[in-house]
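For reference, the structure is listed below as structure tokens.
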Amino acid sequence: MTTQTAPVAKDVSTPRHGETSRATTSVSDGRAGADQPAANRGRTSIADIVVVKVAGIAAREIPGVYDMGGGLSRTVGAVRDRVPGGRPNVGRGVKVEVGERQTAIDLDLVVEYGAPVRDVAQDVRENVISAVERITGLEVVEVDVTVNDVRLPEDEEDEEDTSQQTGTRVE
């Protein structure tokens, strides 16, 4: 009787010296040859950024999530969003570790004031796991959620005052 060991997941969350951050994960080890079914001819690889974007979009779908990322990340993101031609960064506040068949995800959230934090975190976790597993086929082993800020109603009034003071002509 032979014993097989499962492959060890590789950590690709931070690139090593000389590597780029565009790591990919092989989802299927296809075989070449005319005798193989069409679905098995070739390999499928998923870039880590795919998992980051899917998780970011899924987290933002949940009511009560105002924004994602830490304070500095949100500030830089707000500036980037205001630049003409700039796109919102759906991966802000998302970190992933991706192995051959599994992934672990860390999320930083800003929750609306009054939203039950535990419920929002649980709903985010469930939606992220569902979306990532459905879209990528990777098993999500954990989703760690950190709520690092609360969006207060007064914050909205401050933003409106600031936009009026800067002399914007349109709303």
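In this note's numbering, each number is its position in the sequence shown, counted from 1, plus 14. Virtual Cβ for every residue (Gly too), placed ideally from N, Cα, C.
Close-in-space but distant-in-sequence residues of the same chain around residue i (CB under 6 Å, 5 per side omitted)
{"i": "Ile63", "result": "none"}
{"i": "Gly83", "result": "Arg106, Gly107, Asp122"}
{"i": "Val155", "result": "Gln116, Ala118"}
{"i": "Gln136", "result": "none"}
{"i": "Pro51", "result": "none"}
{"i": "Gly47", "result": "none"}
N-terminal and C-terminal residue of the alpha helix (DSSP H) that residue i is part of
{"i": "Ile60", "result": "Per DSSP, Ile60 belongs to no alpha helix (DSSP H); it is in the beta strand (DSSP E), 58-61."}
Beta-carbon separation (whole angstroms), residue i vs residue j, contact threshold 8 Å
{"i": "Gly105", "j": "Gly70", "result": "5 Å"}
{"i": "Val146", "j": "Val65", "result": "6 Å"}
{"i": "Val164", "j": "Ile76", "result": "Going by Cβ atoms, the distance from Val164 to Ile76 rounds to 15 Å, so no, they are not a contact pair."}
{"i": "Ala73", "j": "Val131", "result": "Not quite, the Cβ-Cβ distance comes to about 14 Å (not below 8 Å), so this is no contact."}
{"i": "Val68", "j": "Val125", "result": "Wrong, their Cβ atoms sit about 21 Å apart, outside the cutoff."}
Opening and closing residue of the beta strand (DSSP E) in which residue i lies
{"i": "Val110", "result": "108-112"}
{"i": "Val79", "result": "79-82"}
Residues of its chain near residue i, where Cβ-Cβ distance is below 7 Å and the 5 sequence neighbours each way are ignored
{"i": "Ser27", "result": "With a pLDDT of 41 at Ser27, under the threshold of 50, the predicted position of this residue should be treated as unreliable, though the coordinate-derived value follows. Lys109, Val110, Glu111."}
{"i": "Leu166", "result": "Tyr127"}
{"i": "Ile159", "result": "It is Val, not Ile, that sits at residue 159 in the sequence shown. Leu121, Leu123, Ala135, Val138, Arg139, listed in sequence order."}
{"i": "Val157", "result": "Ile119, Leu121, Arg139, Val142, Ile143"}
{"i": "Gly153", "result": "The sequence given here places Glu at residue 153; Gly does not occur at that position. Cβ within range, chain order: Arg115, Gln116, Glu147."}
{"i": "Asp133", "result": "none"}
{"i": "Asp169", "result": "none"}
Nonlocal neighbours in the same chain, by C-beta distance under 8 Å from residue i, ignoring five residues either side
{"i": "Arg148", "result": "none"}
Check your understanding: Enumerated in chain order, which unbroken segments of the beta strand (DSSP E) with a length of 3 residues or greater are wholly contained in the stretch 117-171?
Key -> 153-165
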